[in-house]
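Using our numbering, you'd call the opening residue of the sequence shown number 78 and step up by one each time.
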Amino acid sequence: MTEKDSHAIRMETEPADGTVGITLIGNASHRVTVEYELEVSGSSRTRHHGKSTLAAGERGVLSRVMLSTGDGNWCARLEVRQSDGVTYQERAGPCA
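Encoded structure:
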């Protein structure tokens, strides 16, 4: 099992004309509680945080954010803390 395999949340990005969609996908190999904070900036800035318990093997959407990017420059930062002690960050976007 790789380090990424222990990550219960992953970030998917969907850039389009002048916007970007960010989706947080939960998919844990074992039952785990996760706390997460997502910050996305472009033409504006948004922050979202949450806490969820994920069942083993059940994939689901935890959060979805759409943001205007203006000139196409955007950043997304995800911080995750899992109840099993795993912590990690993901970054995405041209300025990541």
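Here a beta-carbon is modelled for each residue, glycine too, at the ideal position from N, C-alpha and C.
Keep in mind it's a predicted model, so treat the numbers as computed, not measured.
Problem - Chain-order list of residues whose beta-carbon lies under 7 angstroms from that of Met88 (same chain, five-residue window excluded) - result: Ile99, Leu101, Ala153, Leu155, Glu167 and Ala169
Problem - Nearest to Ile86 (by Cα), restricted to the options Asp94, Gly147 and Ala132 - result: Ala132
Exercise for the section: Determine which residues share a DSSP beta bridge with Cys152 and list them. Expected result: Ser118
Exercise for the section: Inspect the beta-carbon positions of Ile143 and Thr96 and report whether they are closer than 8 angstroms. Expected result: Residue identity check: residue 143 is Met in the sequence provided, not Ile. Closer than 8 angstroms, so yes.
Problem - Nearest-angstrom beta carbon gap, Gly149 and Pro171 [assumed within contact, 8 angstroms] - result: 7 angstroms
Exercise for the section: Measure the C-alpha to C-alpha separation of Ser118 and Pro92 and round it to an integer number of angstroms. Expected result: 13 angstroms
Exercise for the section: Just grab the DSSP bridge partners of Gly103 for me. Expected result: Ile86 and Gly137
Exercise for the section: Check the DSSP bridge columns for Glu97 and list the partner residues they point to. Expected result: For the sequence presented, residue 97 should be read as Val rather than Glu. Answer is Pro92 and Leu144, bridged to Val97.
Handout entry: Beta bridge counterpart(s) of Ala132 as assigned by DSSP
Key = Bridge partners of Ala132: none, in fact.
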